[in-house]
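Protein chains in written order, with my numbering: chain A, 1063 to 1420; chain B, 1063 to 1420.
From the three backbone atoms N, C-alpha and C, an ideal C-beta is built for every residue, glycine too.
Now the structure itself:
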């Protein structure tokens, strides 16, 4: 166990923005929540899975909705702890530690604020090591764990508890409620024991995220260069250009859209990136270049500041960074859960870094 | 307490079709469920509120969805008892008796089947004494009772529990889930004590429904005439003609539409009836003739068989019967809960039978 050091908060937030892949809400709002939670409730304890007994009860906690709405309707805070308390009541046992469902976007930081409020540790592990738009898109699903019982809470005191026959159905049902409750709510889900998490979770996601953020901050400050970032992430720059078209809509509970980028030097070279909360699929000349679950992050070409989809703008000069997904994803069934077809894209998965045997 | 006699089932079902106001699903499907439940579990006990101790725990149980879907996706049966069991588990106490939320449509009979399956009495009372499309449209709401905790179940084993800050929000949230679960599901809601029901419910709705059905059956068999039916219901025939236009759509979780009827003798006389699951508002020459919460029932002109909205057809010859709502509705706040504006109609409530003081 270790204490979350205040100097870790900045690189963690920056890393979370990169792993947010343009979605996952604005981590800087969540960073303010964490700061407030520490001020109100004291320091936050980070635990590795090995720090906790195998039968300890974990649950993930997250904001759910459309990032376009979440940045306008800032969470009040108490609904997250309420969602965890409601889940504990439903299960009939206390939650011993919370865990991020996704390390990427504001859901990286929200569990830290909840950990402070509830006085429990936050586990350094998650189910994505990036942001994904749907709750069933986790390595937990891949390992056969249920997302339910799941509880949903809003800031007004409305509560919903779900028990479903599949994680896909859990996603459909909670999405229906979130649409009715204003597209920015708190959920507590994936109740599991530490023993189950050791099988199913991606351990060390938060430490990875912090180091990624620190590396990018060094690049921004010219204390380090792009090659260090690419080496750390196994990533590569797949495009550099300016945004020439942007189509955005908030529909069926998601922020969807398409962004088109034109090469600086060669106007015949164009990359199109499809958005469903996150930047999901990059296509150049009709050829898929980056496919889910691999990561796409767009950074400002001058400042190397990651750009979230809701702040994309015509004329922005950007660098498109592609990174391979966490190796824990490479298990049988991955493509069913988070491959291109899981998002309705009729393309083949083209791994950035082919795993052994693929 | 009394046993539900098998000879009561036919008039109860016919009465429920009339009080269904064209909506509420097809009571004949529910009648089959009741017959099966009696065969499987034995006779059904009907209780008046006075038969039960004041602190006995009641809950209403119903099918929710769009009638157009419910008649195609026949309930399997077990989901209704499952919804009640899930509510009991959520409350942490057993349900001592079930009650219809609405006496009108198939929700009149479903609680009888559930009573048989759970081995508890069914209370002769409800919250509407007609069918309404939304769950907050009850005299329970008018009396300040909460529709939640409420549980929703489908036939596949999915479960949702709701606790909301208002009955309007409960309706919105459960509708969101029902849209995701296929528009025909089981709910258990309005948990209340017998003492609360004595204040808030419409007592004797089922007996009223049975007598209404018996009276109409006598009319159909020419053993009685229309005046007896009108005298029993305080109703009047507001139009006779044939259907010349029909516009139907299933949208936002409801079966909506408009039906237009032309007078047999005078083609310049036209009545337009607005549908939202039920026949809700009758307009002639731009003037509202029947407004909610008063009842509209359309009957076949020759057979006097009530017609549900999903079986309306071009060219049908119909008689439009209007009946005043149950007197229990006439309390302060009625129009907010079930007046024309509650359905989005910009017309004044025009009572068929003005209540004292109105």
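What are the start and end residues of the beta strand (DSSP E) that includes residue i?
i                       : result
residue 1305 of chain B : 1298–1313
residue 1282 of chain A : Where residue 1282 of chain A is concerned, there is no enclosing beta strand (DSSP E), although the alpha helix (DSSP H) it sits in stretches over 1267–1282.
Anything in chain B within Cβ reach of residue i, meaning under 8 angstroms, just list it in chain order.
i                       : result
residue 1235 of chain A : 1220, 1222, 1239, 1242, 1243
residue 1227 of chain A : 1218, 1219, 1220
Note the first and the last residue of the continuous alpha helix (DSSP H) segment covering residue i.
i                       : result
residue 1229 of chain B : 1229–1242
residue 1326 of chain B : That residue, residue 1326 of chain B, is in no alpha helix (DSSP H); it is neither H nor E in DSSP.
residue 1203 of chain A : 1201–1204
residue 1098 of chain B : 1089–1103
residue 1289 of chain B : 1288–1295
Closer than 7 angstroms by beta-carbon distance: list the chain B residues that pair up with residue i, in chain order.
i                       : result
residue 1231 of chain A : 1220
Please state whether DSSP places residue i in a helix, a strand or coil.
i                       : result
residue 1245 of chain A : coil
residue 1350 of chain B : strand
residue 1402 of chain B : helix
residue 1418 of chain A : Here residue 1418 of chain A scores only 48 on pLDDT, less than 50, and its place in the model should not be relied on; the value that follows carries that caveat. DSSP places residue 1418 of chain A in coil when its eight states are reduced to three.
residue 1362 of chain A : strand
residue 1165 of chain B : coil
residue 1147 of chain A : helix
residue 1075 of chain A : helix
residue 1080 of chain A : helix
residue 1369 of chain B : coil
residue 1409 of chain A : coil
residue 1264 of chain A : strand
residue 1070 of chain B : helix
residue 1197 of chain A : coil
residue 1396 of chain A : helix
residue 1217 of chain B : coil
residue 1285 of chain B : coil
residue 1114 of chain B : coil
Could you please give me the residues that DSSP links to residue i through a beta bridge?
i                       : result
residue 1438 of chain A : Outside the modelled stretch of chain A, which goes from 1063 to 1420, sits residue 1438 of chain A, for which no answer is possible.
residue 1357 of chain B : B:1385
residue 1108 of chain B : B:1064, B:1184
residue 1341 of chain A : A:1337
residue 1212 of chain B : B:1224
residue 1159 of chain A : A:1120
residue 1255 of chain A : A:1119
residue 1125 of chain B : B:1248
residue 1380 of chain B : B:1303, B:1362
Can you check whether the C-beta of residue i is within less than 8 angstroms of a C-beta belonging to chain E?
i                       : result
residue 1181 of chain A : Checking the listed chains, one finds no chain E in this structure; the protein chains it contains are A and B.
- Task: Inspect the CB distances between the segment 1147–1155 of chain A and the segment 1064–1084 of chain A and report whether three or more fall short of 8 angstroms.
- Result: These segments do not touch.
- Message: For the pair the segment 1209–1228 of chain A and the segment 1244–1259 of chain A, tell me if three or more CB-CB distances fall below 8 angstroms.
- Response: As far as the Cβ criterion goes, the segment 1209–1228 of chain A touches the segment 1244–1259 of chain A, which means the pair count is three or higher.
- Query: For the segment 1172–1184 of chain A against the segment 1193–1201 of chain A, are there 3 or more C-beta pairs whose distance is under 8 angstroms?
  - Reply: No, the segment 1172–1184 of chain A does not touch the segment 1193–1201 of chain A.
- Query: Is the segment 1290–1300 of chain B in contact with the segment 1212–1232 of chain B, if contact means three or more CB pairs nearer than 8 angstroms?
  - Reply: Remark: fewer than three beta-carbon pairs, one from each stretch, lie closer than 8 angstroms, so the segment 1290–1300 of chain B and the segment 1212–1232 of chain B are not flagged as touching.
- Message: With three or more C-beta pairs closer than 8 angstroms as the rule, is the segment 1324–1333 of chain B touching the segment 1076–1090 of chain B?
- Response: Taking one beta carbon from each stretch, the segment 1076–1090 of chain B and the segment 1324–1333 of chain B have fewer than 3 pairs nearer than 8 angstroms; the two do not touch.
- Can you find at least 3 beta carbon pairs, one from the segment 1158–1165 of chain A and one from the segment 1302–1321 of chain A, that sit closer than 8 angstroms? Fewer than three pairs of CB atoms, one per stretch, sit closer than 8 angstroms, so the segment 1158–1165 of chain A makes no contact with the segment 1302–1321 of chain A.
- Report yes or no: do three or more beta-carbon pairs, one from the segment 1261–1271 of chain A and one from the segment 1260–1271 of chain B, lie closer than 8 angstroms? Between the segment 1261–1271 of chain A and the segment 1260–1271 of chain B, the count of C-beta pairs closer than 8 angstroms stays below three; the two stretches do not touch.
- Report yes or no: do the segment 1230–1239 of chain B and the segment 1234–1244 of chain A share at least 3 C-beta pairs separated by less than 8 angstroms? Proximity of the segment 1230–1239 of chain B to the segment 1234–1244 of chain A meets the contact definition, three or more beta-carbon pairs being nearer than 8 angstroms.
- Query: If you pair each beta-carbon of the segment 1393–1402 of chain B with each one of the segment 1367–1382 of chain B, do three or more pairs fall below 8 angstroms?
  - Reply: These segments do not touch.
- Does the segment 1403–1416 of chain A come within contact of the segment 1367–1376 of chain A, defined as at least 3 CB pairs closer than 8 angstroms? Counting C-beta pairs closer than 8 angstroms gives fewer than three between the segment 1403–1416 of chain A and the segment 1367–1376 of chain A, which falls short of the contact rule.
- Is the segment 1219–1234 of chain B touching the segment 1103–1113 of chain B, taking contact as three or more C-beta pairs under 8 angstroms? The segment 1219–1234 of chain B makes no contact with the segment 1103–1113 of chain B: fewer than 3 CB pairs, one atom from each, lie closer than 8 angstroms.
- Query: Pairing CB atoms from the segment 1111–1120 of chain B with CB atoms from the segment 1217–1231 of chain B, are three or more of them under 8 angstroms?
  - Reply: Contact fails: fewer than three Cβ-Cβ distances are below 8 angstroms.
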